[in-house]
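Q: This is the structure, below, for whatever I ask next.
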Amino acid sequence: MKAIPHDDMVKLLKLCWEWRHNPNLVMQFGNVEAEIEFFASLVKADGWLKGDHIDLELYLIRKQQQELEEVEISDSTTTDVFFMNHIHNCFVDNKRKKEQVGWKIRNSLLNVVNRKVPTCGMDWQNAYKMYAPCMLTKYKHWVAVMIDLVKCEIKVYDSMVSLIPDEILKEELAPLSITIPNLLNTIDFYEKGVYANDCSRDWWCSWAIERVDVPQQSNQ
Numbered sequence: 741m742k743a744i745p746h747d748d749m750v751k752l753l754k755l756c757w758e759w760r761h762n763p764n765l766v767m768q769f770g771n772v773e774a775e776i777e778f779f780a781s782l783v784k785a786d787g788w789l790k791g792d793h794i795d796l797e798l799y800l801i802r803k804q805q806q807e808l809e810e811v812e813i814s815d816s817t818t819t820d821v822f823f824m825n826h827i828h829n830c831f832v833d834n835k836r837k838k839e840q841v842g843w844k845i846r847n848s849l850l851n852v853v854n855r856k857v858p859t860c861g862m863d864w865q866n867a868y869k870m871y872a873p874c875m876l877t878k879y880k881h882w883v884a885v886m887i888d889l890v891k892c893e894i895k896v897y898d899s900m901v902s903l904i905p906d907e908i909l910k911e912e913l914a915p916l917s918i919t920i921p922n923l924l925n926t927i928d929f930y931e932k933g934v935y936a937n938d939c940s941r942d943w944w945c946s947w948a949i950e951r952v953d954v955p956q957q958s959n960q
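First residue of the sequence shown: 741, per our numbering; consecutive thereafter.
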């Protein structure tokens, strides 16, 4: 297990001390506001991973990337839990269009692409891969998706593949596979993006969705 840096440990102890003396204290981490129950719920046997927990973790990853001068994954970044909502809204706005050009993209989604949100984000023009959390509401199950902007494909990291058949998973993520290429075309990614010349296929095709072989969880 990696040791916690001394400076971080001091901050952690200070945080615990402040909460001990003021249980109603609310802490701000990026865009996430956290009370003591926010962290306590993570260690309870019947606890449930919430969107804010995931957002905080992803924010800390982006923040560390931004602070380090050299990182191996500097060409990739993460979004937040609201990203898929933006995708679905965009898909609904445009799904009746017969042509694959001229999509109307909401500012809420463009703000993600232009790194205005989430905090410590990356301009997609400089990115190779995007990682996003996705709640499959019908199944109350989180998965992670990796959007490869160059290979034009979507990989799904699912810790419980037995819960959702492949066909259903692809149906659930269809709006993503159709919206992303149209979004990238709208922002001229294939003309201006750093990795545009490495793009491996025509942008207007719906992107392939595949599960990645990952360790599986057990709820027993």
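Note that CB positions come from ideal geometry on N, CA and C, so glycine has one too.
Computed from a predicted model, the values in this text were never measured in an experiment.
Leaving out the 5 sequence neighbours to the left and right, which residues in its chain are closer than 7 Å to A867 when beta-carbon positions are compared?
A: Your numbering for residue 867 matches position 127 in the sequence shown. Here the set comprises D815, S816, T817 and L889.
Q: With a threshold of 7 Å on Cβ separation, who are the neighbours of C860 within its own chain once the five nearest residues in sequence on each side are excluded?
A: In the sequence shown, residue 860 corresponds to position 120, counting from 1. Around C860: Y799, R802, K803 and Q806.
Q: Count the other CB atoms within 10 Å of the CB of N764; is the residue buried (16 or more) or exposed (fewer)?
A: Translated into the one-based positions of the sequence shown, residue 764 becomes position 24. The residue in question, N764, is exposed, as its Cβ has fewer than 16 Cβ neighbours within 10 Å.
Q: Would you call the region 869–887 and the region 921–929 touching, i.e. three or more CB-CB distances under 8 Å?
A: no
Q: Counting pairs of Cβ atoms below 8 Å between the region 897–910 and the region 879–887, do you hit three or more?
A: yes
Q: Consult DSSP for M824 and reduce its assignment to one of helix, strand or coil.
A: For the purposes of this step, residue 824 is identified with residue 84 of the sequence shown, where counting begins at 1. Helix at M824.
Q: Leaving out five residues before and five after W759 in sequence, what residues of the same chain have Cβ atoms less than 7 Å from its Cβ?
A: Position 19 of the sequence shown, counting from 1, holds the residue named residue 759. Within the same chain, L765 and I776 come within 7 Å of W759 by CB-CB distance, once the 5 residues on both sides are set aside.
Q: Flag this pair as yes or no: are the beta carbons of I927 and V852 separated by less than 8 Å?
A: The residue given as residue 927 occupies position 187 in the sequence shown. The residue given as residue 852 occupies position 112 in the sequence shown. No, the pair does not count as a contact, with Cβ atoms beyond the cut-off.
Q: So within the region 856–918, which uninterrupted alpha helix (DSSP H) runs reach at least 4 residues, ignoring any that extend past its ends?
A: Counting only runs that start and end inside the region 856–918, the alpha helix (DSSP H) elements of at least 4 residues fall at 906–912.
Q: If you count every other CB in all the chains shown that lies within 10 Å of the CB of V783, and 16 or more means buried, which is it?
A: Position 43 of the sequence shown, counted from the start, is the residue given in the question as residue 783. Label assigned to V783: exposed.
Q: Can you give me the Cβ contacts of L849 inside the same chain, cut-off strictly under 6 Å, excluding the 5 residues immediately before and after it?
A: Along the sequence shown, one-based indexing puts residue 849 at 109. For L849, where only same-chain residues beyond five positions count, the Cβ hits under 6 Å are H826 and C830.
Q: Rounded C-beta distance between I897 and V952? I'm assuming under 8 Å.
A: To locate residue 897, count along the sequence shown from 1; it is residue 157. To locate residue 952, count along the sequence shown from 1; it is residue 212. The sequence given here has Tyr at residue 897, not Ile. 5 Å between Cβ atoms; contact.
Q: State buried or exposed for P955, treating a residue as buried only when at least 16 other CB atoms are found within 10 Å of its CB.
A: Residue numbering aside, residue 955 sits at position 215 when the sequence shown is read from its first letter. Answer is exposed; the Cβ neighbour count stays below 16.
Q: Classify W843: buried if its beta carbon has 16 or more other beta carbons within 10 angstroms, exposed otherwise.
A: To locate residue 843, count along the sequence shown from 1; it is residue 103. Buried, because 16 or more other Cβ atoms sit within 10 Å of the Cβ of W843.
Q: In the DSSP output, what is S816 paired with across the bridge?
A: Along the sequence shown, one-based indexing puts residue 816 at 76. Answer is K869, bridged to S816.
Q: For F769, collect the residues of the same chain with a Cβ closer than 7 Å to its Cβ; drop the 5 residues on either side in sequence, then sort them by chain order.
A: Numbered from 1 along the sequence shown, position 29 holds the residue referred to as residue 769. Leaving aside the five residues that flank F769 on each side, the residues in its chain whose CB is nearer than 7 Å to its CB run, in chain order, L796 and Y799.
Q: Using DSSP bridges, identify the partner residues of I949.
A: Against the sequence shown, residue 949 aligns to sequence position 209. Answer by DSSP bridge pairing, in chain order: I894.
Q: Please determine, among I887, V821, Y930 and Y879, the residue with the shortest C-alpha to C-alpha distance to E912.
A: By 1-based counting over the sequence shown, the position of residue 912 is 172. Check the Cα spacing between E912 and each of I887, V821, Y930 and Y879: the tightest is with Y879.
Q: Taking C-alpha atoms, which residue in M870, M900, Q865 and E893 lies nearest to A948?
A: Position 208 of the sequence shown holds residue 948. The option with the nearest alpha carbon to A948 is E893.
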